[in-house]
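Working notes for the structure below.
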Amino acid sequence: MLNENTIAIIKSTVPVLEKYGTDITKRFYQLLFTNHPELLNVFNQTNQQKGRQQTALANAVYAAAVHIDNLAAILPVVKQIGHKHRSLGIQPEAYPIVGENLLAAIKDVLGDAATDEILQAWGEAYGVIADAFIGVEAEMYKETEDQAGGWSGFRAFRIDRKVQESDVITSFYLVPQDGKAIASFLPGQYVTVQMKIPGEEYTHMRQYSLSDSPDKPYYRISVKREDSRAKEPAGKVSVYLHESLNEGDELLLSAPAGDFILDQAGTRPVVFIGGGVGFTPLMSMMQTVLANQPERKITFIQAAQNEQVHAMKAHVQELAEKNDQLSVHICYEKPLSQDRTVNHYDHEGFIDAKYLKSVLPSEEADIYLCGPVPFMKAVYAALQANQVPTQRIHYEFFGPAGSIGA
Ligand code: FAD
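All residue numbers for the sequence shown refer to UniProt numbering, where the first residue is 1 and numbers rise by one.
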């Protein structure tokens with residue numbers, strides 16, 4: 001428990017955090033990786049280079065400062081980050097290291113403004129925040145290990161099948177090398193792949209949503225090949241998976257994690273809106289509703305740049321033909337063929353409020369959304385323009401948590 005004085009000091013630093021939050025977190029990561037280069041094996045360096053991780057951490061520190069007298073208010077955020085930490089294998093020992101470097105970064109950035117009193121208050125507050133994370137994560141580790149087919153750390157899987165789903169997306173069907181059972185998962189969850197790429201000094205960790213329903217004897221991930229564009233280099237792990245790994249090869253996975261999950265008790269109609277490779281967690285959710293809730297109306301909206309990069313099109317169409325509860329809508333930004341009788345798309349261009357109005361069910365529905373950040377922002381705004389209540393909209397970023405609203 002923090003005393004009132006400490007709480008007051010932390011709260012007094014909120015405006016400073018608002019202004020200098022990302023400067024502090026940028027400095028923090030510089031110090032962290034200089035002092036502990038082994039952590040480069042854990043943190044996604046692309047997110048670092050793009051500044052996404054620094055922004056996400058700054059937002060989390062800011063939220064913790066604002067709610068320092070009632071950390072329960074940020075429990076959903078703690079849980080979301082806890083899932084990621086559990087899937088990366090972050091242990092309690094990491095927290096003092098982070099605390100030490102965070103305080104050093106505050107000192108470096110704020111200079112004389114970071115008085116001993118402020119640093120001491122932040123030291124104490126960090127201890128309380130760290131304990132909240134450690135407690136949540138300890139429960140998650142235990143749950144994962146106790147679950148039938150569960151495991152701790154990284155387990156060896158074999159690529160049983162590698163299936164091309166579009167010009168850029170390929171699915172990998174993964175079975176455990178030990179031949180034993182695999183943990184079930186909640187539709188929408190992801191696994192973390194730990195990848196050692198020949199010639200690379202550090203290990204890479206990447207999350208991939210499980211794209212099939214949980215009732216299968218394998219895990220399926222569907223990965224978009226991130227080719228190089230203009231000045232951007234090719235994606236490391238996705239390109240290695242596509243080009244260098246084949247059926248029979250091994251992949252290391254931690255157990256499924258994540259809080260972007262289908263409400264399976266829900267009875268309202270459900271709408272899935274996926275952009276590009278963001279359709280993957282939604283496929284798992286959609287197939288789960290088909291399997292378990294035959295009465296629940298499903299609207300599945302899949303957006304892609306064009307028909308060549310549209311994954312699992314034939315499979316989804318077949319599902320719609322077999323299941324009256326499922327209606328499928330396809331949006332192409334720039335279709336290569338304008339012949340809709342062959343190409344089966346019903347909207348050209350970006351998804352907007354008018355188009356959504358034409359396909360959303362008339363009853364209040366649960367909406368699940370995933371795709372590139374600009375896509376999610378546009379669709380979120382379009383949903384709001386259609387008076388969809390915010391609490392009905394669930395979404396996930398394929399990267400550090402960000403903000404979806406205006
Ligand atoms: P990286 O090497 O990480 O690069 C990513 C992109 O950044 C590339 O386009 C690259 O060109 C660009 N880039 C790299 N360095 C720089 C730089 N210095 N400056 C500018 N640009 C740069 N992906 C899927 O395909 N399928 C999924 O189902 C899926 N599910 C996910 C679920 C979650 C919860 C999360 C967090 C992510 C998910 N992802 C998924 C994304 C996935 O984890 C990887 O981020 C993605 O595969 C790219 O990894 P990479 O190593 O290939 O690319």
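Glycine included, every Cβ here is placed at the ideal spot set by N, Cα and C.
#1: Where does valine 187 land, buried or exposed, given buried means 16+ other C-beta within 10 angstroms?
#2: Kindly indicate which residue of Thr288, Arg340 and Glu124 has the alpha-carbon position closest to the one of tyrosine 95.
#3: Going by CA-CA distance only, name the one from Gly349, Glu318 and Asp324 that's closest to asparagine 306.
#4: From what residue to what residue does the alpha helix (DSSP H) around glutamate 137 run?
#5: Do isoleucine 298 and tyrosine 240 have their C-beta atoms closer together than 8 Å?
#6: Comparing the CB of glutamate 226 with every heavy atom of ligand 1, is any distance shorter than 7 Å?
#7: Is arginine 268 helix, strand or coil when you go by DSSP?
#8: Would the C-beta of histidine 204 count as close to ligand 1, meaning under 7 Å from any of its heavy atoms?
#9: With which residues is tyrosine 202 paired in a DSSP beta bridge?
#10: Assuming contact is defined by CB atoms lying nearer than 8 Å, are glutamine 53 and tyrosine 20 in contact in what I supplied?
#11: Is it the case that the segment 98–114 contacts the segment 13–27, given that we only count it when at least three CB pairs across the two stretches are under 8 Å?
#12: Just the C-alpha distance for glutamate 318 and glutamine 293, rounded to the nearest angstrom, thanks.
#13: With tyrosine 29 as the anchor, note down where its alpha helix (DSSP H) starts and where it stops.
#14: In whole angstroms, what is the alpha-carbon distance linking histidine 344 and histidine 329?
#15: Looking at C-alpha atoms only, which residue of Glu363, Phe397 and Ile404 is the closest neighbour of alanine 382?
#16: Helix, strand or coil, according to DSSP, for aspartate 160 in the structure here?
#17: Helix, strand or coil for arginine 229 per DSSP?
#18: Taking the C-alpha atoms as reference points, what is the distance between lysine 216 and aspartate 366?
#19: Give a yes or no on whether the C-beta atoms belonging to isoleucine 169 and alanine 303 are separated by under 8 Å.
#20: Should serine 209 be listed as close to ligand 1, given that the test is whether its C-beta is under 7 Å from any heavy atom?
#21: Exposed or buried, glutamate 396, counting other C-beta atoms within 10 Å across all chains shown (16 or more means buried)?
#22: Would you grab the beta carbon distance between aspartate 99 and phenylalanine 133 for me? Rounded to a whole angstrom, and I think it's under 8 Å.
#23: So, with DSSP's three-state summary, where would you put isoleucine 68?
#24: Touch check for the segment 240–252 and the segment 170–177: three-plus C-beta pairs under 8 Å?
#25: Any heavy atom of ligand 1 closer than 7 Å to the CB of phenylalanine 154?
#26: Which of the three DSSP states, helix, strand or coil, is assigned to proline 187?
#27: Exposed or buried, valine 223, counting other C-beta atoms within 10 Å across all chains shown (16 or more means buried)?
#28: Tell me where the alpha helix (DSSP H) around aspartate 108 begins and ends.
#29: Are tyrosine 190 and tyrosine 208 touching if we call contact CB-CB under 8 Å?
#30: Taking 7 Å as the limit between beta carbons, can you name the residues of its chain near alanine 234, skipping five residues before and five after?
#31: Contact check, valine 237 vs histidine 204 under 8 Å by CB: the rounded distance?
#32: Suppose the cutoff is 6 Å on Cβ atoms and the five residues either side in sequence are ignored; what does the same chain contact list for glutamine 177 look like?
#33: Which of the three DSSP states, helix, strand or coil, is assigned to serine 254?
#34: Count the other C-beta atoms from every protein chain shown that fall within 10 angstroms of the C-beta of methionine 285, then say buried if there are 16 or more, exposed otherwise.
#35: Can you tell me whether DSSP reads leucine 345 as helix, strand or coil?
#36: Can you tell me where the alpha helix (DSSP H) holding glutamate 396 begins and where it ends?
Short version:
#1: The question names valine, yet the displayed sequence has proline at residue 187. By the neighbour-count rule (16 or more Cβ atoms within 10 Å), proline 187 is buried.
#2: Glu124
#3: Gly349
#4: 116–146
#5: no
#6: yes
#7: coil
#8: yes
#9: None, per the DSSP bridge assignment.
#10: no
#11: yes
#12: 18 Å
#13: 14–35
#14: 9 Å
#15: Ile404
#16: strand
#17: strand
#18: 25 Å
#19: no
#20: yes
#21: buried
#22: Contrary to the premise, residue 99 reads as glycine rather than aspartate in this sequence. At roughly 11 Å, the Cβ-Cβ gap does not stay under 8 Å, so glycine 99 and phenylalanine 133 are not in contact.
#23: coil
#24: yes
#25: no
#26: coil
#27: buried
#28: 94–110
#29: yes
#30: Glu226, Asp227 and Ser228
#31: 5 Å
#32: Ala156 and Arg158
#33: coil
#34: buried
#35: The residue asked about is misnamed: residue 345 is tyrosine in this sequence, not leucine. Correct three-state label for tyrosine 345: coil.
#36: From DSSP, glutamate 396 is part of no alpha helix (DSSP H) but of the beta strand (DSSP E) over 393–396.
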